[in-house]
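**Q**
Protein chains in written order, with the numbering used here: chain D, 9 to 383; chain E, 9 to 383; chain H, 9 to 383; chain V, 9 to 383.
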């Protein structure tokens with residue numbers, strides 16, 4: 009049993025989600041793959057810091073994240089700050105030779121992400137970005153179908169990630185609407201999750217052609233205020249893509265998609281089969297095999313089951329719901345296994361950088377109204 | 009090409025539906041299997057009679073159905089009257105040696121239906137009851153799956169036919185609520201359709217145990233009236249059944265099923281596979297095969313397609329909607345083929361009698377609160 | 009009662025479908041809106057011609073379509089030829105002052121369609137293009153939701169029309185793969201149906217940006233042949249659109265979409281509500297209203313019902329399947345009402361031209377890889 | 009913050025699930041409602057005992073459950089043994105004045121459960137049975153709809169709980185097939201979950217009429233063995249019920265339901281609305297309101313959201329999956345709140361007894377083939 013000493017930066021909702029996953033992994037997988045020891049938590053908000061300490065059991069707290077990245081008794085720096093701070097904290101942690109677990113996105117620009125990916129490679133430490141959808145047994149299953157050739161040559165990827173959390177135009181401006189804090193709008197927040205799945209299953213995108221819109225260009229400066237501020241980034245992004253493997257992509261996202269709550273939905277069509285998945289129905293994958301008898305062919309509603317990677321950690325039999333948060337537990341297991349046993353993992357900083365450079369190309373195309381090569 | 013001379017009794021909605029199907033069959037199947045000639049229509053309502061003549065083209069009209077069953081230039085007596093008159097008209101038609109096409113139910117009592125079935129057998133004429141659901145390519149497909157053994161030994165049939173057309177308690181009493189006109193309530197109107205499918209696919213029911221309820225025991229004597237009349241029969245019927253083949257059945261129907269419009273839905277579970285079908289989604293059958301690879305197993309959404317009996321009469325490729333009314337066209341084709349070519353058909357009066365004797369057993373059980381043998 | 013004398017050009021599958029609808033309309037709607045008289049049918053294949061005469065009852069046949077467009081006893085020229093001949097026949101019919109009912113598409117080029125639309129306007133005759141999806145009660149309902157403002161400001165239209173009929177690469181070259189016969193590939197065959205719905209509900213598209221692919225660039229010259237011929241047009245087309253009303257569009261179609269049979273599926277998101285419709289589940293529309301109580305909000309599965317335009321012609325109560333072919337009957341009713349009563353209709357040649365000019369812009373964009381204005 | 013000292017009896021899968029929930033509750037709800045202290049775990053299998061200690065952190069272990077129920081430093085006895093031992097352990101724990109948290113079912117007979125319920129009431133301690141489905145926000149929502157009158161007068165409850173885990177007839181005999189260990193078959197294992205929901209939402213069942221079947225009457229004594237043993241209890245149970253509130257019930261369960269994995273599915277029809285829920289699609293409830301405009305009425309797919317009891321403990325926004333295991337965390341929260349703050353709870357031993365007496369009545373009816381009163 010190896011103890012992994014955690015230094016957490018950021019004790020908001022995401023920091024708690026990480027901590028909870030760090031604690032649960034041991035219960036599910038046993039101490040063999042590593043046991044989290046909660047050493048230090050940093051948050052500029054001291055009250056939040058103390059609450060985290062009490063609930064989770066950190067040994068000490070600090071309001072300065074630099075204390076975490078330099079602490080000699082920390083093995084893994086866990087970054088759960090607002091997106092705009094990922095870069096600075098991750099860079100310092102890497103510079104100090106720490107293993108780093110950074111919530112998605114890696115940073116808010118392709119340039120920063122590239123720098124982090126290069127630094128991480130150079131330092132030889134574990135560098136993990138929390139694109140939790142790659143841990144979903146459903147997506148792991150789809151990847152297996154694609155990569156085994158069971159779906160034939162892939163012709164087409166169509167996907168959208170729609171939510172309506174910002175549909176209410178009386179909701180005030182937040183950091184999400186400001187580019188220097190968020191990088192971009194729906195694309196970074198939602199689209200990047202879909203891009204992580206696309207990258208995981210389909211590989212690199214070669215070029216993109218995008219169109220975006222801001223449905224609500226102004227929002228109140230504060231709740232109820234009549235003073236308005238500019239929304240700086242897209243409510244809806246839609247783009248066409250050409251994959252390195254020759255497939256056509258049509259990808260979109262919206263944060264004002266009336267009626268959609270967590271509609272990350274995609275379809276992949278190959279010459280021998282197709283799949284469709286919708287995160288609002290997390291427990292089922294639609295799969296079609298051309299090789300079935302013609303009379304009896306149809307999309308199968310395949311319920312998540314123990315033969316799909318990750319599922320059996322939670323349930324002994326198929327068809328039982330697993331939660332969004334369980335993906336975080338699988339993520340921690342992937343991360344801890346990498347630390348303690350050197351097992352490979354997909355979501356390293358290079359992976360995070362690939363997402364961010366695609367994001368950058370999409371944003372550029374939306375401005376130039378022309379095809380843009382990725383990279 | 010053989011001409012089949014039609015005498016229609018009853019020119020209401022159902023009479024028109026029959027006529028339309030009688031005319032369309034020729035266009036779809038060609039004149040080889042028989043061409044309808046519209047000779048005479050009888051309806052006590054002369055205006056309805058004339059309207060039918062004008063729209064459909066009958067040569068003559070009458071207000072006395074006896075003119076139809078005795079007419080020497082009529083080959084096929086088509087009965088589309090209210091249910092309570094089926095028996096008398098069919099009996100007279102058979103007595104005159106006519107082929108008979110009777111809308112479901114065959115009659116409103118098992119005794120009458122038995123008499124008709126015996127008379128028909130004795131006369132050797134074509135005797136067809138319009139249980140149109142047996143013509144649905146979906147049900148034909150399910151029957152094939154069951155009878156070929158593809159689903160293994162059948163363990164269980166679960167079905168319901170729910171509508172909410174009588175949910176509104178301000179709707180007045182009609183013939184449907186009066187036993188001497190309707191025989192019974194939801195069971196005869198809706199349940200009998202489900203029983204026809206059950207009979208078609210699963211064969212005979214051996215015994216039943218039923219429970220019924222009248223949700224709205226009184227209704228206005230007329231629209232808007234404050235005078236109330238008694239509802240004589242069930243709004244909801246539910247029963248357990250034991251099939252002759254050993255399977256367990258759970259069957260129900262309701263005419264006050266809030267939210268359900270045409271919810272004839274059933275599931276059959278066999279040891280090698282299962283199917284589920286819902287008439288509100290008429291175009292798709294859910295099928296599960298235990299022999300599929302464990303990881304990839306799931307109910308398949310099989311869209312109606314040309315490999316299912318009857319479908320290709322309407323569409324050259326799968327996945328295109330066919331209509332409830334198209335079942336009537338297939339029914340006419342089945343009937344005409346029997347007349348002109350002697351082909352066998354499932355829905356003869358014996359079949360109709362089997363439905364009605366099951367209905368009778370269910371009604372008796374609902375009264376005695378005990379198991380009742382069918383027959 | 010007014011008799012409408014029909015001259016049909018083309019007696020293949022589509023010619024029969026038109027004839028069947030022409031005959032059925034009277035049965036459903038009564039003779040008030042016009043009664044079809046089947047005068048003459050033209051087909052270069054004399055055997056097909058004779059079969060049509062026998063099944064449908066045309067008074068005379070001819071192998072030269074010019075006999076139809078010039079016949080003094082023809083009121084309505086019905087064009088059901090292969091697409092490439094629509095232009096020539098329609099032009100001649102219009103020149104002779106005939107009312108014209110042309111199966112979709114209007115022609116195989118925007119220029120030809122424009123000429124026909126202008127000529128029709130000038131002649132003042134009835135000019136109808138058979139985009140039957142506009143007759144679907146579901147689409148009529150969605151249009152009403154959009155145009156009444158019930159969905160608020162429309163932000164986004166996403167749609168695809170996918171089939172897999174040409175997935176099998178051993179299927180030989182047909183006219184569909186040759187541009188001088190088909191104009192284009194999946195876009196003209198499938199995409200145009202989706203465009204007709206988009207045009208009907210959303211109005212004009214202002215500009216487009218497209219991407220296409222040919223998945224199977226060569227096909228056998230004949231079934232089983234080892235000699236191969238070039239496929240000249242797209243298997244998959246996908247494009248982004250900007251609507252005149254400011255909404256964003258993402259539209260696609262594929263004729264090689266594994267597992268999809270009749271998947272014309274679209275979603276419209278407005279600021280107050282959203283709808284989703286899928287032709288494989290023709291009988292239901294998914295509708296979401298933001299005004300519902302927050303706890304209870306969800307997409308409603310609204311079954312087709314008598315309150316939707318056209319439905320009550322077929323069924324007295326909701327939830328009962330109507331068929332793809334029934335749209336053709338409603339189309340004939342729309343057409344006949346225009347002829348006999350001067351009622352307005354949406355699918356005139358101007359409408360057909362709008363579809364074809366959008367098609368032309370999409371094809372150009374797919375070549376130039378840049379945004380193209382429509383017209 | 010109050011510490012609750014846990015003594016766990018049984019360290020198998022369920023014991024671990026309980027422990028995990030006991031630990032997580034604090035992270036989600038904070039220490040205010042009580043913090044679990046893992047004092048002692050008992051299991052006759054010493055290796056399992058040690059593993060539990062290591063993963064969960066119990067202070068001491070024992071192979072004799074009597075050490076737990078008598079330990080002065082234990083506040084709450086948590087019973088996660090095989091079903092047949094619940095009675096003995098719970099009785100001893102109650103006798104020693106301990107609070108008791110017993111996994112469902114309360115015991116394997118109505119008589120034992122009655123005794124426990126009476127003893128618990130007499131002792132005045134917290135007595136909780138782990139019917140976790142009552143914690144599902146979906147079921148809490150449905151209960152609220154029913155009890156608020158939003159669905160009107162309830163007419164009908166239809167439900168089934170189907171799994172196919174015992175479909176494979178080569179699976180050997182286990183305790184589940186032996187009545188002295190399991191009490192009964194599918195009814196106790198699966199049906200009791202459905203009964204707990206029925207009891208929670210609909211209240212008491214007055215009488216029942218049941219039918220059962222054993223599909224595979226013999227199973228191997230051990231894996232691969234050719235020696236066979238008798239299966240003593242039902243594979244399928246189906247029954248009709250009359251509720252105290254007058255509603256009709258149709259309830260079933262099967263452990264050999266081909267294709268069904270976790271199909272706990274029920275529908276409730278009231279005079280003003282209906283709901284349908286299916287545990288295989290845990291995240292959505294189908295709800296229909298008769299008060300919606302007629303044209304736009306349809307079952308709404310309401311995704312779990314923060315307005316439903318329990319949901320917001322896990323996610324800040326709707327539409328995100330929560331897991332089967334999360335119900336256990338909510339259960340612990342309910343239990344801890346009862347202990348520390350005296351809040352009321354539904355699933356006490358009286359509730360457990362009501363389930364078990366219904367089970368007893370169903371079993372008797374399946375034997376006598378007649379209606380049996382509950383109690």
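By construction, the Cβ of each residue, glycine as well, lies at the ideal position given by its N, Cα and C atoms.
Provide the residue(s) that pair with residue 78(H) in DSSP beta bridges, ordered along the chain.
**A** Position 70 of the third chain holds residue 78(H). Beta-bridge pairing links residue 78(H) to no other residue.
**Q** How should residue 28(V) be labelled, buried or exposed, when 16 other C-beta atoms within 10 angstroms of its C-beta is the threshold for buried?
**A** The count along the fourth chain starts at 1 and reaches residue 28(V) at position 20. So residue 28(V) counts as buried.
**Q** Is the region 351 to 359 of chain D touching the region 158 to 173 of chain D, taking contact as three or more C-beta pairs under 8 Å?
**A** No, because fewer than three Cβ pairs between the region 351 to 359 of chain D and the region 158 to 173 of chain D fall closer than 8 Å, the two stretches do not touch.
**Q** Can you confirm whether residue 309(V), when its beta carbon is compared against all beta carbons of chain E, has any partner nearer than 9 Å?
**A** Sequence index remark: in the fourth chain, residue 309(V) carries index 301 (1-based). So no, residue 309(V) is outside the interface.
**Q** For residue 296(D), return the contacting residues in chain H, with the cut-off set at a CB-CB distance below 8 Å.
**A** Here residue 296(D) corresponds to residue number 288 of the first chain, with the count starting at 1. Per Cβ cutoff of 8 Å: 266 and 267.
**Q** Roughly how many angstroms separate the alpha carbons of residue 20(V) and residue 171(V), rounded to a whole number?
**A** Position 12 of the fourth chain, counted from the first residue, corresponds to residue 20(V). Position 163 of the fourth chain, counted from the first residue, corresponds to residue 171(V). Computed Cα separation, rounded: 22 Å.
**Q** CB residue 114(E) to CB residue 363(E), shorter than 9 Å?
**A** Residue mapping note: residue 114(E) aligns to position 106 of the second chain, counting from 1. Residue mapping note: residue 363(E) aligns to position 355 of the second chain, counting from 1. A contact, by the Cβ cut-off of 9 Å.
**Q** Taking 8 Å as the cut-off, is the C-beta of residue 217(H) nearer than that to any heavy atom in the ligand NAP?
**A** Looking at this structure, you won't find the ligand NAP or any other ligand, since it has none at all.
**Q** Output needed for residue 56(D): all residues of its chain with C-beta closer than 8 Å, excluding positions within five of it in sequence on either side, in chain order.
**A** Working through the first chain from its first residue, we reach residue 56(D) at position 48. The answer, listed in chain order, is 19 and 20.
**Q** So, using beta-carbon positions, are residue 92(E) and residue 189(E) closer together than 9 Å?
**A** To locate residue 92(E), count along the second chain from 1; it is residue 84. To locate residue 189(E), count along the second chain from 1; it is residue 181. Their beta carbons are under 9 Å apart, which means residue 92(E) touches residue 189(E) by this criterion.
**Q** Going along the chain, which residues of its own chain have a beta-carbon closer than 6 Å to the beta-carbon of residue 37(H), five neighbours each way excluded?
**A** Along the third chain, read from residue 1 onward, the residue named residue 37(H) stands at position 29. Cβ within range, chain order: 341.
**Q** Pick out whichever of 259(E), 281(E) and 304(E) has its Cα sitting closest to the Cα of residue 169(E).
**A** As a first step, residue 169(E) must be located in the second chain, where it is residue number 161. Residue 259(E) is the option with its Cα nearest to residue 169(E).
**Q** Suppose the cutoff is 6 Å on Cβ atoms and the five residues either side in sequence are ignored; what does the same chain contact list for residue 218(V) look like?
**A** Reading the fourth chain from its first residue, position 210 is the one you call residue 218(V). If we look at residue 218(V) and ignore the five residues flanking it on each side, its Cβ neighbours are 247, 370, 373 and 374.
**Q** When the Cα atoms are used, what is the spatial distance from residue 350(H) to residue 67(H)?
**A** Along the third chain, one-based indexing puts residue 350(H) at 342. Along the third chain, one-based indexing puts residue 67(H) at 59. Their backbone Cα atoms lie some 28 Å apart in a straight line.
**Q** Please state if the CB of residue 214(E) and the CB of residue 72(E) are separated by a distance shorter than 9 Å.
**A** Within the second chain, the letter at position 64 stands for residue 72(E). Within the second chain, the letter at position 206 stands for residue 214(E). Cβ atoms of residue 72(E) and residue 214(E): not closer than 9 Å.
**Q** Please check if any C-beta of chain E sits within less than 9 Å of the C-beta of residue 315(D).
**A** Residue mapping note: residue 315(D) aligns to position 307 of the first chain, counting from 1. Closer than 9 Å: yes.
**Q** Looking at chain V, which residues of the region 21 to 44 of chain D have a Cβ within less than 8 Å of any of its Cβ atoms?
**A** Flagged, chain order: 21, 24, 27, 28, 31, 32, 34, 35, 36, 38 and 39.
**Q** Under three-state DSSP, which class holds residue 329(V)?
**A** Numbered from 1 along the fourth chain, position 321 holds the residue referred to as residue 329(V). It is coil, neither helix nor strand.
**Q** Give the C-beta separation of residue 135(V) and residue 146(V) to the nearest angstrom, bearing in mind that I take them to be a contact with Cβ-Cβ under 8 Å.
**A** Translated into the one-based positions of the fourth chain, residue 135(V) becomes position 127. Translated into the one-based positions of the fourth chain, residue 146(V) becomes position 138. The Cβ separation is near 26 Å, so there is no contact.
**Q** Could you tell me which of 111(D), 112(D), 90(D) and 84(D) sits nearest to residue 103(D), measuring between CA atoms?
**A** Residue mapping note: residue 103(D) aligns to position 95 of the first chain, counting from 1. It is 84(D) whose Cα lies nearest to the Cα of residue 103(D).
**Q** At a Cβ cut of 9 Å, what residues of the region 206 to 223 of chain H count as close to chain D, listed as they run along the chain?
**A** The region 206 to 223 of chain H vs chain D, Cβ under 9 Å: 217, 218, 219, 220, 221 and 223.
**Q** Given that a residue counts as buried once 16 or more other Cβ atoms are within 10 Å of its Cβ, and exposed if not, what is residue 106(E)?
**A** Here the question's residue 106(E) lines up with position 98 in the second chain. Buried is the call here.
**Q** Over the uninterrupted alpha helix (DSSP H) stretch that includes residue 319(H), give me the two end residues.
**A** Working through the third chain from its first residue, we reach residue 319(H) at position 311. That residue, residue 319(H), is in no alpha helix (DSSP H); it is neither H nor E in DSSP.
**Q** Closer than 8 Å by beta-carbon distance: list the chain E residues that pair up with residue 64(H), in chain order.
**A** The sequence position of residue 64(H) within the third chain is 56, counting from 1. In chain order: 35.
**Q** Check the Cβ of residue 290(H) against every Cβ in chain D and list those closer than 8 Å, keeping chain order.
**A** The residue you call residue 290(H) lines up with position 282 of the third chain. Going along chain D, no residue has its Cβ under 8 Å from residue 290(H), so there is no contact; the nearest lies around 16 Å.
**Q** With 7 Å as the limit, tell me which residues of the region 338 to 363 of chain E have their beta carbon closer than that to any beta carbon of chain V; keep them in chain order.
**A** From the region 338 to 363 of chain E, no residue has a Cβ closer than 7 Å to chain V.
**Q** Between residue 39(E) and residue 62(H), which are expected to be in contact by the criterion C-beta below 8 Å, what is the C-beta distance as a whole number of angstroms?
**A** Locating residue 39(E) in the second chain gives position 31, counting from the first residue. Locating residue 62(H) in the third chain gives position 54, counting from the first residue. About 6 Å; that satisfies the 8 Å criterion.
**Q** Buried or exposed for residue 333(E), please, with buried defined as at least 16 other CB atoms from any protein chain shown within 10 angstroms of its CB.
**A** Position 325 of the second chain, counting from 1, holds the residue named residue 333(E). Answer is buried; the Cβ neighbour count reaches 16.
**Q** In whole angstroms, what is the alpha-carbon distance linking residue 165(V) and residue 152(H)?
**A** Along the fourth chain, one-based indexing puts residue 165(V) at 157. Along the third chain, one-based indexing puts residue 152(H) at 144. Each residue's alpha carbon lies about 36 Å from the other.
**Q** Leaving out the 5 sequence neighbours to the left and right, which residues in its chain are closer than 6 Å to residue 100(H) when beta-carbon positions are compared?
**A** Here residue 100(H) is taken as the residue at index 92 of the third chain, counted from 1. Excluding residues within five positions, the ones whose Cβ falls inside 6 Å are 77.
**Q** So, does the CB of residue 280(H) fall closer than 9 Å to a CB anywhere in chain D?
**A** Residue mapping note: residue 280(H) aligns to position 272 of the third chain, counting from 1. It does: the Cβ of residue 280(H) has a partner Cβ on chain D nearer than 9 Å.
**Q** Closer than 9 Å, CB to CB, is residue 231(E) near chain H or not?
**A** Here residue 231(E) refers to the residue found at position 223 of the second chain. Cβ-Cβ to chain H under 9 Å: no for residue 231(E).
**Q** What does the alpha-carbon distance come out to for the pair residue 110(H) and residue 69(H)?
**A** Here residue 110(H) corresponds to residue number 102 of the third chain, with the count starting at 1. Here residue 69(H) corresponds to residue number 61 of the third chain, with the count starting at 1. Looking at the two C-alpha atoms, the distance is approximately 19 Å.
**Q** According to the neighbour-count rule (16 or more other Cβ atoms, all chains shown, within 10 Å of its Cβ), is residue 132(D) buried or exposed?
**A** The residue you call residue 132(D) lines up with position 124 of the first chain. Residue 132(D) comes out exposed.
**Q** Determine, for residue 158(D), whether the minimum Cβ-Cβ distance to residues of chain H falls below 9 Å.
**A** Working through the first chain from its first residue, we reach residue 158(D) at position 150. Residue 158(D) does not count as touching chain H.
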